Amino acid sequence: MLEDVSMNLADLNKVALAMVTPGKGILAADESSGTIKKRFDAINVESTEESRRDYREMLFSAQEALSKYISGVILYDETIWQKAKDGTALITLIEEAGAIPGIKVDEGTQALSACPGELVTVGLDKLAERLKKYHDRGARFAKWRAVIDIGAHLPSMTAIHVNAHALARYAALCQAAQLVPIVEPEVLMDGDHDIDRCYDVTQRVLNKTFKELRNQRVALEGMILKPNMVVPGKKCPKQVSVEEVAEKTVRLLKECVPAAVPGIAFLSGGQSDEDATAHLDAMNRLGALPWRLTFSYGRALQAAPQKAWSGKVENVAAGHRAFSHRARMNGLASSGQWETGLEKMVA
Ligand code: 13P
């Protein structure tokens, strides 16, 4: 086999394993300016470059929580270049806590032509140049999110195919730039579909994604998968137990995800904070899994600290407490040691 001299797989594998260190997981703080504005609207905070900086500085200065429970932080382009109030680069705060900085590199979604209601994630143009800049700045992993919606006649095979193709193209470019790709094919939990429909669609999506990854020669040892869990749609009248979500999600992942993948870090996707924690914990209690299972949560880690902070400097300590609590709960869940009673204890 020809050796790819442009990439060091042993180093990629080392970073990937560090991203899924037992007891730790990933903080997804990579909301685009549009998404963070929606989150700030909910707490009556105006979204400006400064308020976004202040908020993320609040999160990243929770140094104890970061160092104990967070393996890596996914940043948005604006944030990776920003400095804290005292002039320290925000990326330095992450590194000082021993966490690995990462960067979201997709450029959002566009309508997919000829597929009404479906989206394709874009951002491959000039991606190689952008990856190099991010690596020079200190990023060691990247993220690209594909979005698949479930509807009466959705998703189409076309949407699954083009999104899987783009994910694999992105992943190959990341590895060539010595960045570990987080491959995120998200099947949305909006809608009224039941858990078995989520299972079937996620199965098609994961199978297609791994086929494309192999076609494009992505080294599985040097990537992390970020999937949705197998859950019923939010509007489905038949909700299910924590055990059923855990059992079906692990069964599906065993069918679709090769053991060469070092780790799987779930998105929270709109689950409540406690559900996201309970589901991860229940999966890790099943034991004997071929890959490490942890979190890469956005909303399920940030909703509580966002509310506690609410844009006020005098609330930074309360924001830290709320963030530390959720980080600790999810850290415990990543090794199957969370208990519901711990939720009531003050962090
Ligand atoms: P959520 O946990 O809020 O789904 O966000 C994770 C993420 O990074 C989505 O791309």
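Using our numbering, read the sequence shown as starting at 721 and increasing by one per residue. Note that beta-carbon positions come from the ideal geometry of N, C-alpha and C, so glycine has one too. Here the structure is a predicted model, which is why all the values come from computation and not from measurement.
Comparing alpha-carbon positions, which option in the options lies nearest residue i?
i: Ala879; options: Asp920, Arg924 and Glu1059; result: Arg924
i: Ala819; options: Asp845, Leu779, Lys803 and Trp801; result: Leu779
i: Gly942; options: Phe1015, Val921 and Ala980; result: Ala980
i: Pro901; options: Ile984, Gly953 and Gly754; result: Ile984
i: Gln1022; options: Val977, Met1049 and Pro952; result: Met1049
i: Pro905; options: Ser753, Ala888, Leu874 and Glu766; result: Ala888
i: Leu1006; options: Val1033, Leu987, Pro1025 and Glu964; result: Glu964
i: Leu844; options: Thr1014, Tyr789 and Ala892; result: Ala892
i: His873; options: Arg850, Ala736 and Pro836; result: Pro836
i: Leu899; options: Pro821, Arg776 and Ile790; result: Pro821
i: Tyr1017; options: Gly1051, Val1036 and His1040; result: Gly1051
i: Phe930; options: Ala886, Leu1013 and Gly858; result: Ala886
i: Val970; options: Arg934, Glu815, Tyr919 and Phe861; result: Tyr919
i: Ile756; options: Asn1035, Ala1028 and Arg1019; result: Arg1019
i: Gln895; options: His913, Lys734 and Tyr789; result: Lys734
i: Val903; options: Ile794, His1040, Glu798 and Asn728; result: Ile794
i: Ala719; options: Val882, Gly792, Asp806 and Ala1037; result: The chain is shown from 721 up to 1067; residue 719 falls before or after that span and cannot be answered.
i: Asp783; options: Ile800, Thr799 and Leu810; result: In the sequence under discussion, the amino acid at residue 783 is Gln, which differs from the Asp named in the question. Taking only the C-alpha atoms, the option nearest Gln783 is Leu810.
i: Leu732; options: Val938, Arg1012 and His1045; result: Val938
i: Asp995; options: Arg1046, Val867 and Leu945; result: Arg1046
i: Leu940; options: Lys968, Ala831, Pro978 and Asp806; result: Pro978
i: Glu777; options: Glu838, Leu813 and Gln1057; result: Leu813
i: Leu973; options: Ser961, Phe986 and Val962; result: Phe986
i: Glu798; options: Arg773, Gly871, Gly828 and Trp1029; result: Arg773
i: Phe760; options: Gln936, Thr829, Pro875 and Trp1029; result: Trp1029
i: Gln1057; options: Ala804, Leu786 and Asn1004; result: Asn1004
i: Val951; options: Glu975, Cys976, Asp916 and Gln936; result: Asp916
i: Val825; options: Trp801, Asp856, Leu1013 and Phe861; result: Phe861
i: Gly754; options: Glu975, Gly828 and Gly792; result: Gly828
i: Tyr789; options: Asn1035, Ser752, Ser1055 and Glu1063; result: Ser1055
i: Ala1002; options: Lys805, Val1036, Lys758 and Val962; result: Val962
i: Ala817; options: Pro982, Ala785, His913 and Gly1039; result: Ala785
i: Tyr775; options: Lys968, Lys958 and Ala1037; result: Ala1037
i: Gln959; options: Trp1011, Asp914, Thr922 and Asn1035; result: Asp914
i: Ile763; options: Pro1025, Ala748 and Gly871; result: Pro1025
Quick one: measure Cβ to Cβ for residue i and residue j, integer angstroms, because I've assumed they're closer than 8 Å.
i: Asp1071; j: Lys928; result: Outside the shown range of the chain (721 to 1067) lies residue 1071, about which nothing can therefore be said.
i: Ala884; j: Glu932; result: 4 Å
i: Leu675; j: Ala1053; result: The displayed coordinates of the chain run from 721 to 1067. Any statement about residue 675 would go beyond what the structure contains.
i: Val765; j: Gly1031; result: 4 Å
i: Gly990; j: Gly953; result: Their Cβ separation, rounded to whole angstroms, is 10 Å, which puts Gly990 and Gly953 out of contact at 8 Å.
i: Leu945; j: Ala897; result: Between Ala897 and Leu945 the Cβ distance is about 19 Å, and since that is not below 8 Å, they are no contact.
i: Phe1015; j: Gly745; result: 4 Å
i: Val867; j: Leu839; result: 5 Å
i: Asp869; j: Leu908; result: 5 Å
i: Ala738; j: Ser787; result: Going by Cβ atoms, the distance from Ala738 to Ser787 rounds to 13 Å, so no, they are not a contact pair.
i: Ser752; j: Tyr796; result: 6 Å
i: Ile800; j: Arg857; result: 6 Å
Is residue i helix, strand or coil by DSSP?
i: Gln959; result: coil
i: Asn1050; result: helix
i: Pro742; result: coil
i: Tyr1017; result: strand
i: Lys758; result: helix
i: Arg850; result: helix
i: Leu1009; result: coil
i: Trp864; result: strand
i: Ala749; result: coil
i: Gln1057; result: coil
i: Leu722; result: The predicted position of Leu722 is uncertain, since its pLDDT is 45 and thus under 50; no value can be drawn from it.
i: Ser1044; result: helix
i: Asn728; result: coil
i: Lys1064; result: helix
i: Ala859; result: coil
i: Gly1031; result: coil
i: Leu737; result: helix
Using a C-beta cutoff of 8 Å, does residue i count as contacting chain D?
i: Ile756; result: Given the protein chain composition of this structure (a single chain), no chain D is represented.
Discussion item. Please output, in chain order, the residues near ligand 1 using a CB cut-off of less than 5 Å to any non-hydrogen atom of the ligand.
Written reply: Ala748, Arg865, Leu987, Ser988, Gly989, Tyr1017, Gly1018 and Arg1019
Fill in: Segments of 3+ residues assigned as beta strand (DSSP E) that fall wholly inside the segment 915-1002
983-986
Worksheet item: Which ranges does the beta strand (DSSP E) cover as unbroken runs of at least 3 residues, wholly within the segment 867-912, from first to last along the chain?
Response: 900-907
Item to complete: Could I get the ranges of all uninterrupted alpha helix (DSSP H) runs contained in the segment 758-844, with 4 residues as the minimum, in chain order?
Response: 769-780, 783-789, 797-800 and 810-816
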